[in-house]
Amino acid sequence: MKHQKSFPFQIVFVGIALIYSSASQSQSWSNLFNGNNLEGWKMLNGQAQYLALNNEIVGTTVLGSPNSFLATEKSFGDFILELEFKVDGQNNSGVQIRSESKPDYQNGRVHGYQIEIDPSNRMWTGGIYDEARRE
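When we follow this note's numbering, the leftmost residue of the sequence shown carries the number 5, and every step to the right adds one.
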């Protein structure tokens with residue numbers, strides 16, 4: 005979320021239960037979101053609020069807060085990511101993939117690749133952005 009607006013926005017991830025990961029072809033696929041709560045997930049950076057509601061993960065930003073992230077507690081290898089999203093207004097957001105948060109890098113700031121969610125006129129949705137490492 006490089007381009008922040010000065011007002012809060014809400015992102016609703018629908019179908020997040022379709023996010024899957026597999027360590028190898030011989031293992032079965034597993035859902036990352038159980039549809040009921042955020043067990044297996046952790047909040048990183050910022051002050052946004054996340055909750056499980058109606059089989060969806062709902063995130064709401066807090067005015068003036070730095071970028072906020074909801075991350076899985078485990079790391080995964082191969083995965084298939086399928087989701088639907090809803091963004092309030094012309095705000096910029098994204099989904100981090102292959103990202104990290106390490107104490108020795110910018111005090112734990114999440115950094116890595118982000119799949120853009122950008123409903124503005126520039127239409128960058130689906131593009132890949134390098135969160136927190138570009139200068």
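Every residue gets a Cβ at the ideal spot worked out from N, C-alpha and C, and that includes glycine. Just so you know, these numbers come straight off a predicted model, no measurement behind them.
If you follow the beta strand (DSSP E) that tryptophan 45 is in, where does it begin and where does it stop?
Counting from one through the sequence shown, the residue named residue 45 turns up at place 41. Element bounds for tryptophan 45: 45 to 48.
Which ranges does the alpha helix (DSSP H) cover as unbroken runs of at least 4 residues, wholly within the stretch 87 to 114, from first to last along the chain?
The stretch 87 to 114 contains no whole alpha helix (DSSP H) run of 4 or more residues.
Look up serine 25 in the DSSP assignment and say whether it is helix, strand or coil.
For this step, residue 25 is matched to residue 21 along the sequence shown. Residue placement at serine 25 cannot be trusted, given a pLDDT of 40 that sits under 50; what the coordinates show is reported in the next sentence. In the three-state DSSP reduction, serine 25 falls in the strand class (E or B).
Note the first and the last residue of the continuous beta strand (DSSP E) segment covering alanine 75.
One-based indexing of the sequence shown puts residue 75 at position 71. It spans 73 to 76 - the beta strand (DSSP E) in which alanine 75 sits, taken as one unbroken run.
Decide yes or no for the touch test of the stretch 83 to 91 against the stretch 102 to 113: beta carbon pairs closer than 8 Å, at least 3 of them.
Output reads no: the stretch 102 to 113 does not touch the stretch 83 to 91.
Could you tell me the distance, in whole angstroms, from the CA atom of aspartate 82 to the CA atom of threonine 76?
Counted from its first residue, the sequence shown places residue 82 at position 78. Counted from its first residue, the sequence shown places residue 76 at position 72. Cα to Cα, aspartate 82 sits roughly 14 Å from threonine 76.
Leucine 57: buried (16+ other C-beta within 10 angstroms of its C-beta) or exposed?
Position 53 of the sequence shown, counted from the start, is the residue given in the question as residue 57. Looking at its Cβ environment, which holds fewer than 16 other Cβ atoms inside 10 Å, leucine 57 is exposed.
For glutamine 31, which of helix, strand or coil comes out of DSSP?
One-based indexing of the sequence shown puts residue 31 at position 27. Correct three-state label for glutamine 31: coil.
For leucine 42, which residues of its own chain have a beta-carbon under 6 Å away from its beta-carbon, when the five flanking residues on both sides are left out?
Working through the sequence shown from its first residue, we reach residue 42 at position 38. Excluding positions up to five away in sequence, the list reads Ala56.
Comparing the C-beta of glutamine 118 with each C-beta of chain B, is any distance below 9 Å?
Looking at the structure shown, chain B is missing, and only one protein chain is on hand.
Could you please give the first and the last residue of the uninterrupted beta strand (DSSP E) stretch that includes threonine 129?
Walking along the sequence shown from the start, residue 129 turns up at place 125. Unbroken run through threonine 129: none, as it is neither H nor E.
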